Amino acid sequence: MRAAAEGGGQGARPVDKWNPPYCGDIGMKIRRDGTWLYQGGPIGRIALVKLFASILRKDDDGRTYLVTPAEKVDVEVEDAPFLAVEMAVAGEGAKRTITLRTNVDDVVTVDAEHPLRFAPSEPDGGLKPYVRVRGRLEALCTRAVYAELVELAEAHDDGGDEVGVWSGGKWWGMW
-7 MRAAAEGGGQ GARPVDKWNP PYCGDIGMKI RRDGTWLYQG GPIGRIALVK
43 LFASILRKDD DGRTYLVTPA EKVDVEVEDA PFLAVEMAVA GEGAKRTITL
93 RTNVDDVVTV DAEHPLRFAP SEPDGGLKPY VRVRGRLEAL CTRAVYAELV
143 ELAEAHDDGG DEVGVWSGGK WWGMW
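Numbered per my numbering, the sequence shown spans residues -7 to 167.
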């Protein structure tokens, strides 16, 4: 995780400041398992996937786009555009910080800017944890990361039945 954080990569571009014309659908898709596809075939070069991830944006209309200063094209996303694949924990209780690394090497700490949420999973009725990476873009926590979150779960201080985790000075309930 340290290597990803200190990797010296370009990171995300200022896509929220760009307002290019919409240029249509070019056949880009991100499957729920994190595989990026172009016109039905997988993009095998991780460097290319990371480049595309750095110019990804989800707009108010709920659609996800690749955005450059000159154009904006559709990207179909089956679930979340990123996967949280690694977790590091520091501290305990209300002083805990949970840091997650995505499959494209974004590193975020769960806090007010990068909230953690749990959504119902169909059809089994379980929960799927997501963390906001940037803008409206989220990462779905992999099964292994979810298991680590569950290991950290504790009852809330208010004495109720709610369980969750602390990170970034905030309580993230699992409901």
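Beta carbons are placed, not taken as given, at the ideal position from N, Cα and C, and that holds for glycine. Note that the structure is predicted; figures quoted are calculated from it, not measured.
Legend entry - Cβ neighbour criterion (16 or more within 10 Å) applied to Tyr57: That one is buried.
Inset, instruction - Return the chain-ordered ranges of every beta strand (DSSP E) run that is complete within the region 83 to 154 and spans a minimum of 3 residues. - result: DSSP runs (the beta strand (DSSP E)) wholly in the region 83 to 154: 89 to 94, 99 to 101, 108 to 113, 118 to 126, 129 to 133.
Inset, instruction - Pair every Cβ in the region 49 to 67 with every Cβ in the region 12 to 30, then say whether three or more of these pairs are closer than 8 Å. - result: Pairwise C-beta distances place the region 49 to 67 in contact with the region 12 to 30, as three or more of them are shorter than 8 Å.
Legend entry - C-beta contact flag for Val137 and Ala145 at 8 Å: In this structure, Ala145 does not lie closer than 8 Å to Val137 by Cβ.
Inset, instruction - Tell me, please, whether the region 75 to 93 touches the region 43 to 63 by the rule of three or more beta-carbon pairs shorter than 8 Å. - result: Because the criterion of three Cβ pairs below 8 Å is not met, the region 75 to 93 and the region 43 to 63 do not touch.
Inset, instruction - Quick one: grab the DSSP three-state call for Ile47. - result: Residue state, collapsed to three classes: coil.
Legend entry - CA-to-CA distance, Ala139 to Ala39, given in whole angstroms: For Ala39 and Ala139, the distance between alpha carbons rounds to 29 Å.
Legend entry - Which of helix, strand or coil DSSP assigns to Lys9: In the structure shown, Lys9 sits in a helix (DSSP, three-state: H, G or I).
Legend entry - Test item: CB-CB of Leu129 and Lys50 under 8 Å: Against a cut-off of 8 Å, the Cβ pair of Lys50 and Leu129 comes out as a contact.
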